[in-house]
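Colleague: Got a structure here, written out as structure tokens. Questions coming.
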Amino acid sequence: MRARTFHHVLVLLCLLSGLNAIALIINLSQPTKAAVAGKSYEDLMRDSDFTRAVQSIAQACKVNVDIAKLVC
Numbered sequence: 435m436r437a438r439t440f441h442h443v444l445v446l447l448c449l450l451s452g453l454n455a456i457a458l459i460i461n462l463s464q465p466t467k468a469a470v471a472g473k474s475y476e477d478l479m480r481d482s483d484f485t486r487a488v489q490s491i492a493q494a495c496k497v498n499v500d501i502a503k504l505v506c
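The opening position of the sequence shown corresponds to residue 435 in our numbering, with each subsequent residue numbered one higher.
Encoded structure:
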């Protein structure tokens, strides 16, 4: 009984790993979109006021990348 359960869990993990690999290969994730004044990401990157504002916030705050937390 125990060997059979282990076998089923192993098969399930292999199938899930295969599905994950397929999802990564065909890139099922949706691209992020900027929602600032209806501008696209490219528009925001070209906007000098927006760039300057982001830089000033980034300089004034500490970012913990491990837990995605911003402390100002």
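Cβ coordinates follow ideal geometry from the N, Cα and C atoms, glycine included.
Remember, predicted model here, so these are calculated numbers, not experimental data.
Could you give the distance in angstroms between the alpha-carbon of D483 and the alpha-carbon of N498?
Modeller: By 1-based counting over the sequence shown, the position of residue 483 is 49. By 1-based counting over the sequence shown, the position of residue 498 is 64. For D483 and N498, the distance between alpha carbons rounds to 25 angstroms.
Colleague: With DSSP run on the structure shown, which of helix, strand or coil describes N498?
Modeller: Numbered from 1 along the sequence shown, position 64 holds the residue referred to as residue 498. In the structure shown, N498 sits in a strand (DSSP, three-state: E or B).
Colleague: Between which two residues does the alpha helix (DSSP H) holding V443 run?
Modeller: In the sequence shown, residue 443 corresponds to position 9, counting from 1. Unbroken alpha helix (DSSP H) run through V443: R436 to I460.
Colleague: Near C495, what residues of its chain come up, given a Cβ to Cβ distance below 8 angstroms and the 5 sequence neighbours on each side ignored?
Modeller: Here the question's residue 495 lines up with position 61 in the sequence shown. So the list reads L504, V505 and C506, once near-sequence residues are dropped.
Colleague: Do V470 and L458 count as a contact pair if the criterion is CB distance below 8 angstroms?
Modeller: Against the sequence shown, residue 458 aligns to sequence position 24. Against the sequence shown, residue 470 aligns to sequence position 36. No, Cβ-Cβ distance for L458 and V470 is not below 8 angstroms.
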